[in-house]
Amino acid sequence: MSSIGAALARRIIEAAQRTRWRGTGGYSAQAFASRGDARPFPQADAEREQFGDFFRLFPAFDVAGALSGRDVLDLGSGYGGKTVEYRRRCGAARVCGVEPHANMIEQSRRYAAAQGVDGVEFTRCGPRDIPYPDGAFDVVLTHDVLEHVDDPRVTIAEVHRVLRPGGWSFHIFPLYWGAFSHHLDYVVNIPGIHWLFSPQSLVTAANDVLR
12 MSSIGAALAR RIIEAAQRTR WRGTGGYSAQ AFASRGDARP FPQADAEREQ FGDFFRLFPA
72 FDVAGALSGR DVLDLGSGYG GKTVEYRRRC GAARVCGVEP HANMIEQSRR YAAAQGVDGV
132 EFTRCGPRDI PYPDGAFDVV LTHDVLEHVD DPRVTIAEVH RVLRPGGWSF HIFPLYWGAF
192 SHHLDYVVNI PGIHWLFSPQ SLVTAANDVL R
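Numbering (the working numbering), first residue to last: 12 to 222.
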């Protein structure tokens, strides 16, 4: 049954490529190059350009100001584009970015070095742990991360562990059943496609299309 679902999802995704619901091409260096972006760190630059998006979602609280002079953890730091800006623009005393993917950590380190920004570090994390001791941070940020973890309860418990007493954590994430919460925009932008197919079928279909 799942193979039937994957085959049907693939046909829909392929048909969408001829419409405005086609994919945006992904976040790989090759995808950026195919769109004419030859910058050495296109992913980090794109993240930097979206720097203000996170703060606008907290209109009643000055999150950017809360980072000033504090030790900050960016949990799920991506390619480091926003992480560096928390130090440069917000004046955080120290910013630590963590990601589970070694290649992204390496690219983030090279990006921070190229930007000449100190007080920023990047460390690989495990699927269920944050590699820092208890009470290491004043502020923890996550942006579009909690929908990716195995168990958000475990992750939030880890966030609480590494926060100092009186510290703050700020989290933005899409609800799974939101129309565009499928995170398949790199290959298809059909709203609600994850309402129709199982995650396994969609992953299989998307990977088939990419191949």
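For each residue, glycine too, the CB sits at the ideal point set by N, CA and C.
Output needed for V165: all residues of its chain with C-beta closer than 8 Å, excluding positions within five of it in sequence on either side, in chain order. R139
Within-7 Å CB hit, A217 to chain B: Of the protein chains in this structure there is only one, and it is not chain B.
Taking DSSP as the reference, what is the three-state secondary structure of D149? strand
For H112, count neighbouring C-beta atoms within 10 Å of its own C-beta (all shown protein chains included) and say buried if the count is 16 or more, exposed if not. exposed
Can you look up P163 in the DSSP assignment and give me helix, strand or coil? helix
Using C-beta distances below 8 Å, list every residue in its chain close to I15, excluding the 5 sequence neighbours before and after it, in chain order. none
CB of V95 within 7 Å of CB of V131, strictly: yes
State yes or no: is the C-beta of R128 within less than 7 Å of the C-beta of R98? Here residue 128 turns out to be Val, not Arg, going by the sequence shown. Yes, they are a contact pair.
Secondary structure of I183, DSSP reduced to three states: strand
Boundaries of the alpha helix (DSSP H) in which F65 is found, first to last residue: F62 to R67
Taking 8 Å as the cut-off, does the stretch 143–159 touch the stretch 119–126 (at least 3 CB pairs, one atom from each stretch)? no
Note down, one range per segment and in chain order, each alpha helix (DSSP H) of at least 4 residues found wholly within the stretch 13–66. 13–27, 40–45 and 53–60
Based on the DSSP output, what are the partners of D85 in its beta bridges? G108 and L152
Verify whether the separation of the beta carbon atoms of E58 and G89 is less than 7 Å. yes
Leaving out five residues on either side along the sequence, give the residues of the same chain with a beta carbon under 7 Å from the beta carbon of R31. none
Straight-line gap, W206 to Q54 (C-alpha atoms, nearest Å): 29 Å
Y197: which of V220, C136 and S180 sits nearest, CA to CA? V220
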